[in-house]
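Worksheet: the structure to be examined is printed underneath.
Shown next, in the form of structure tokens:
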């Protein structure tokens, strides 16, 4: 695989960060964003006090300063700064923050609680930082894909008054406003609050696609005595989307088409259809009680409700004929409603057995999840993608097609018990061991078209484990190794009606970390081998059934360095090599093929500089250049998405102590690139050059 480097894109990033090496030194080192090496990390030890240097596993931290300075509005926007991460979901969809890390899907948790049962949209205005723990993590989080855990740490109430607000406007009539308020409700801050909110109203570079996004997240925390804290956190988000965006045909984008290239602005939806509405509500309560400095009990209960009403046209049915002009389309309507309850409780203990110190976490969790979905499909008029005429796809007389509609009721219950012990044998040698028992029970009732009611019941049990070692030969330098596992229940049955074993994930990792020069320089390196086993694939003798003999392997290495060499300057560089392929499948033609959307090479460069003295004090600017290598575009590896560089630039100026004016440009070189694909008719173009202006204030 050839790594093609654009000198223009790389130079832009380096020049944006270069002018400040002569200033005085500052502070500790940073990771990908602005978090420091000694900051506490929630994602690894559940709720124990760990730092990036004490965790025997690769972790990246994206801080609130990075989210703000880069204009990252969603988790997916920020994950582009993690080497080895590649997009696997829509860049335009409010629920599209789907990423692949180390070859497999990443899983989202919030404040250390697994929330994957329902799709949650988390606006960056409510995020304090994002912790990316690479590899399987089922011991602490239950059923997961093996790629990574992306833990969102939300902003919490503070005891002192503070506030911030911003208003921005960008290309494609993109308006965005945010607010962030916190402070005491009672004297001394024993009862305190936080309120974050955002509203977006934006067109896009895709024809007929517009989004209105409302997000609000109030939080209240109160102390009961000196040892107990109760936090009640909620959010509501509503997204109004003008139909579906499903990418473009490969022929005309990444493959030749006899009629020429297609514009990336082409939309095959239709403006005659009603917008899609997606709503999420979430409320959680967390209690923390400190028995002593060495014993803490924490429990959490959360409820999530999701409701969607979607309608639109999508063009996934193929070309109408060999002329490859007319794209066959279909109408889809979908109504769904889901509720999820999750409870979690754990006890964290620190104790000694002779000269050995233990940090033990014992806990359990339970999730109750129900969802109903009804979908109908019908044919729509074909679209000449080289001379499109819209307003022709109003619901046809054939809608819905009776044989293609579906209705599903899903009910899932999961329970787990886990234990994790971090053992300090000496000041230099630390071990980690963990074990989890998980139980999964699901009942699904479904109908397809006019067919009979199908009832499927599954009950599965799995054990997952975690082993790790960290060795500190000298202060602030650590070598580590780990073996971690995951499991994921499979929906479907074999030809004789038997349930399948859960999919498994197993990672072996070796790495090194260092925090040098008084914390101003952080270095990280890791080798990994990650296998996803018991993958469910179609039974060649009965295509309606599944058989669990598939396997996929991702292996590679990662390197990163971050520094604050002088006052006001931060730099970051990261590289990932990932070789991800299918190794076992009933379809022998797929064995040895690349896994879809995984680049072999990925690079991240970023620099930020703030002028703190002199006539230009208050001026700040930064830039990034990211490289994503060639990727397979579908399961069969039948076509390839070309690699690309993307360069972004941001700058701001403090008009007063509390008022700041900002400007940014994304895709500075107006690169034509494609973020991901699912099939020959689902290739997603990246946005062209985009600019934004903003005004923000603190109070």
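Residue numbers (my numbering): 431 to 1129.
C-beta: ideal position from N, C-alpha, C; glycine also.
Model, not experiment: these values are computed from the prediction.
(request) With residue 570 as the anchor, note down where its alpha helix (DSSP H) starts and where it stops. (result) Residue numbering aside, residue 570 sits at position 140 when the chain shown is read from its first letter. Its alpha helix (DSSP H) spans residues 568-571.
(request) Select from 1066, 1089, 680, 1006 the residue whose C-alpha is nearest the C-alpha of residue 1057. (result) Here residue 1057 refers to the residue found at position 627 when the chain shown is read from its first residue. Among 1066, 1089, 680, 1006, the Cα nearest to that of residue 1057 belongs to 1006.
(request) Rounded to whole angstroms, what's the CA-CA distance from residue 1111 to residue 788? Just pull it up for me. (result) Against the chain shown, residue 1111 aligns to sequence position 681. Against the chain shown, residue 788 aligns to sequence position 358. Straight-line Cα distance between these residues: approximately 54 Å.
(message) Here's the rule: buried if 16 or more other CB atoms are within 10 angstroms of the residue's CB, otherwise exposed. What is residue 884?
(response) Stepping through the chain shown from its first residue, residue 884 is reached at position 454. With fewer than 16 other Cβ atoms within 10 Å, it is exposed.
(message) Mapping the DSSP letters down to three states, classify residue 554 as helix, strand or coil.
(response) Within the chain shown, numbered from 1, the residue matching residue 554 stands at position 124. It is helical.
(request) Compute the distance between the beta-carbons of residue 1077 and residue 1105, then report whether it is under 9 Å. (result) As a position in the chain shown, residue 1077 is number 647, starting the count at 1. As a position in the chain shown, residue 1105 is number 675, starting the count at 1. Going by C-beta atoms, residue 1077 is not nearer than 9 Å to residue 1105.
(request) Go through its chain and collect everything with a Cβ distance to residue 695's Cβ below 7 Å, but skip five positions before and after it. (result) Residue numbering aside, residue 695 sits at position 265 when the chain shown is read from its first letter. Counting only Cβ-Cβ distances below 7 Å, and skipping sequence neighbours, we find 635, 636, 637.
(message) Quick check on residue 749: buried or exposed, where buried means 16 or more other Cβ atoms within 10 Å of its Cβ?
(response) As a position in the chain shown, residue 749 is number 319, starting the count at 1. Buried.
(message) Just to confirm the assignment: which complete beta strand (DSSP E) runs, minimum length 3, are found wholly within the segment 716-762?
(response) 725-744
(message) Count Cβ pairs between the segment 1116-1129 and the segment 698-714 that sit closer than 8 Å; are there 3 or more?
(response) no
(request) Mind listing, in chain order, the continuous beta strand (DSSP E) runs of no fewer than 3 residues lying wholly within the segment 1009-1097? (result) 1031-1040, 1049-1058, 1074-1084, 1089-1096
(request) Just the C-alpha distance for residue 984 and residue 1102, rounded to the nearest angstrom, thanks. (result) The count along the chain shown starts at 1 and reaches residue 984 at position 554. The count along the chain shown starts at 1 and reaches residue 1102 at position 672. Whole-angstrom Cα-Cα distance: 28 Å.
(message) Suppose contacts are defined by Cβ-Cβ distances below 9 Å. Is residue 962 in contact with residue 934 by that definition?
(response) As a first step, residue 962 is located in the chain shown; it is residue number 532 there, counting from the start. As a first step, residue 934 is located in the chain shown; it is residue number 504 there, counting from the start. Yes, they are a contact pair.
(message) Tell me whether the segment 750-766 and the segment 785-799 touch, counting them as touching only if at least three CB pairs, one residue from each stretch, are closer than 8 Å.
(response) no
(request) Might you give, ordered along the chain, the residues of its own chain that have their beta carbon closer than 6 Å to the beta carbon of residue 989, omitting 5 neighbours on each side? (result) In the chain shown, the residue the question calls residue 989 occupies position 559. Once the five neighbours on either side are set aside, the close Cβ partners of residue 989 are 955, 1005.
(message) Taking DSSP's pairing of strands, which residues face residue 854 in a bridge?
(response) Counting from 1 along the chain shown, the entry for residue 854 is found at position 424. DSSP output for residue 854 lists 787, 860 as bridge partner(s).
(message) Assess contact between the segment 558-565 and the segment 486-495, defined as three or more Cβ pairs (one per stretch) separated by less than 8 Å. Is contact present?
(response) yes
(request) Could you tell me whether the segment 610-629 touches the segment 585-596, using the rule of 3 or more Cβ pairs below 8 Å? (result) yes
(request) Verify the CB distance criterion: does residue 742 have a CB-CB separation below 9 Å to chain B? (result) Of the protein chains in this structure there is only one, and it is not chain B.
(request) Answer with buried or exposed for residue 486, where buried requires no fewer than 16 other C-beta atoms within 10 angstroms of its C-beta. (result) Mapped onto the chain shown, residue 486 falls at position 56. Buried, by the Cβ-count rule.
(request) Would you check if the distance between the CB atom of residue 856 and the CB atom of residue 803 is smaller than 9 Å? (result) As a first step, residue 856 must be located in the chain shown, where it is residue number 426. As a first step, residue 803 must be located in the chain shown, where it is residue number 373. Against a cut-off of 9 Å, the Cβ pair of residue 803 and residue 856 comes out as no contact.
(message) Less than 9 Å between the beta carbons of residue 932 and residue 919, yes or no?
(response) Your numbering for residue 932 matches position 502 in the chain shown. Your numbering for residue 919 matches position 489 in the chain shown. Cβ distance < 9 Å, so residue 932 and residue 919 count as in contact.
(request) Determine the direct distance from the alpha carbon of residue 738 to that of residue 375, and round the result to whole angstroms. (result) The first residue shown for the chain is 431 and the last is 1129, placing residue 375 beyond what the model contains.
(request) Counting only the same chain and skipping the five closest in sequence on each side, list residues whose C-beta sits under 6 Å from that of residue 1062. (result) Walking along the chain shown from the start, residue 1062 turns up at place 632. Once the five neighbours on either side are set aside, the close Cβ partners of residue 1062 are 1024, 1026.
(request) In the DSSP assignment, find the alpha helix (DSSP H) that holds residue 631 and state where it starts and stops. (result) Looking up residue 631 in the chain shown gives position 201. Taken as a continuous stretch (DSSP letters only), residue 631 belongs to no alpha helix (DSSP H), being part of the beta strand (DSSP E) at 621-633.
(message) Here's the rule: buried if 16 or more other CB atoms are within 10 angstroms of the residue's CB, otherwise exposed. What is residue 538?
(response) As a working mapping, residue 538 is identified with position 108 in the chain shown. Residue 538 comes out buried.
(message) Just to confirm, is the Cβ distance from residue 1051 to residue 1079 under 9 Å?
(response) Sequence index remark: in the chain shown, residue 1051 carries index 621 (1-based). Sequence index remark: in the chain shown, residue 1079 carries index 649 (1-based). In contact: residue 1051 and residue 1079 (Cβ atoms closer than 9 Å).
(message) According to DSSP, simplified to helix, strand and coil, what is residue 776?
(response) The residue given as residue 776 occupies position 346 in the chain shown. Strand at residue 776.
(request) Could you tell me the distance, in whole angstroms, from the CA atom of residue 1132 to the CA atom of residue 573? (result) It is not possible to answer for residue 1132, since the shown part of the chain is limited to 431 through 1129.
(request) Mark residue 519 as exposed unless 16 or more other C-beta atoms lie within 10 angstroms of its C-beta, in which case mark it buried. (result) Here the question's residue 519 lines up with position 89 in the chain shown. With 16 or more other Cβ atoms within 10 Å, it is buried.
(message) By DSSP's criteria, residue 610 is part of a beta bridge. Which residues make up the other side?
(response) To locate residue 610, count along the chain shown from 1; it is residue 180. The partner list for residue 610 (beta bridge, DSSP) reads 594, 626.
(message) Quick check on DSSP: helix, strand or coil for residue 815?
(response) As a working note, residue 815 is residue 385 in the chain shown. DSSP places residue 815 in coil when its eight states are reduced to three.
(message) On the CB-based measure, 16 or more other CB atoms within 10 Å of its CB, does residue 896 come out buried or exposed?
(response) Start at 1 with the first residue of the chain shown, and residue 896 comes out as number 466. Buried, since its Cβ has 16 or more Cβ neighbours within 10 Å.
(request) Pick helix, strand or coil for residue 538, following the three-state DSSP scheme. (result) In the chain shown, residue 538 corresponds to position 108, counting from 1. Three-state result, residue 538: strand.
(request) Give the straight-line distance between the Cα atoms of residue 704 and residue 741, rounded to the nearest whole angstrom. (result) On the chain shown, residue 704 is found 274 positions in, with the first residue counted as 1. On the chain shown, residue 741 is found 311 positions in, with the first residue counted as 1. Whole-angstrom Cα-Cα distance: 6 Å.
(message) Could you compute how far the alpha carbon of residue 910 sits from the alpha carbon of residue 1060?
(response) Here residue 910 is taken as the residue at index 480 of the chain shown, counted from 1. Here residue 1060 is taken as the residue at index 630 of the chain shown, counted from 1. Distance between the alpha carbons of residue 910 and residue 1060 is about 31 Å.
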